[in-house]
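Okay, so the sequence shown: first residue is 122 according to my numbering, each after it adds one.
Every residue, glycine too, gets a C-beta built ideally from N, C-alpha and C.
Take a look at the structure below.
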Amino acid sequence: MTKITLKKPIKTPSGEVKAITLTREPTRRDLKAAQQITSNEEDQVWHMICSLSAEKLTIEDTEELTLADMRQVMDTFRKVSGLGD
């Protein structure tokens, strides 16, 4: 599990989220599921982040992230998935 502490918590229907916890590494199955939803690669990544989050985030929830937190989440996801540095 990988925990990403947010600089600014987000409010969701289920409460305040102070960190996003990725429960496991993404798989090809996760990517295929995201590709069924959208052809936009960035949106596919966000769908995978949401589906892997212990907090059960939705795409709408992630729209509340600050740009700094968005960047941190994306960078961490890329590292966890083996796509980053």
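Per DSSP, the beta-bridge partners of G136 are T133.
Per DSSP, the unbroken alpha helix (DSSP H) holding L173 starts and ends at E162 to L173. R150 and K128 have their alpha carbons spaced roughly 31 Å apart. Linking I158 to Q165 through their CA atoms gives a straight-line distance of about 8 Å. Nearest Cα to M169 within the set T144, K132 and G136: T144.
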